[in-house]
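Just so we're aligned, residue 13 is where the sequence shown starts under the working numbering, counting upward by one. For every residue, glycine included, the Cβ atom is placed at its ideal position computed from N, Cα and C. A quick note: this is a predicted structure, and the numbers were derived from the prediction, not measured. Below you'll find the structure, written out as C-alpha cells, and then a few comments.
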Amino acid sequence: MSRNIKNARITRISKVKADRSLEERVTALEKQLTDMQAKASCAMNVRGTIEANSV
C-alpha cells in the first residue's frame, strides 16, 4: 500500500474522531444551555410569585 493511501486513511480517521469530539462538545453545550434556560425560567417564576404575594 502506498504511503499516500496510508496517510489519507489516517487523515480520514482523524477527521472522523475530531468530528465526533466536536459533536460531543456541541451536545454538552446544548444541554448546558438548556439547563441554564430552565434555571432562569424557574428563577423568574419564583420572583414573579414572590412579587405577586407581597403586594
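Exercise. Output the distance between the C-alpha atoms of LEU34 and THR46, rounded to the nearest integer angstrom.
Key: 18 Å
Exercise. Give the secondary structure of SER53 by DSSP, where H, G and I count as helix, E and B as strand, and everything else as coil.
Key: helix
Quiz prompt | SER66 (DSSP reduced to helix, strand or coil) | solution = coil
Quiz item: Rounded to a whole number of angstroms, what is the C-alpha to C-alpha distance between MET48 and ARG37?
Solution: 16 Å
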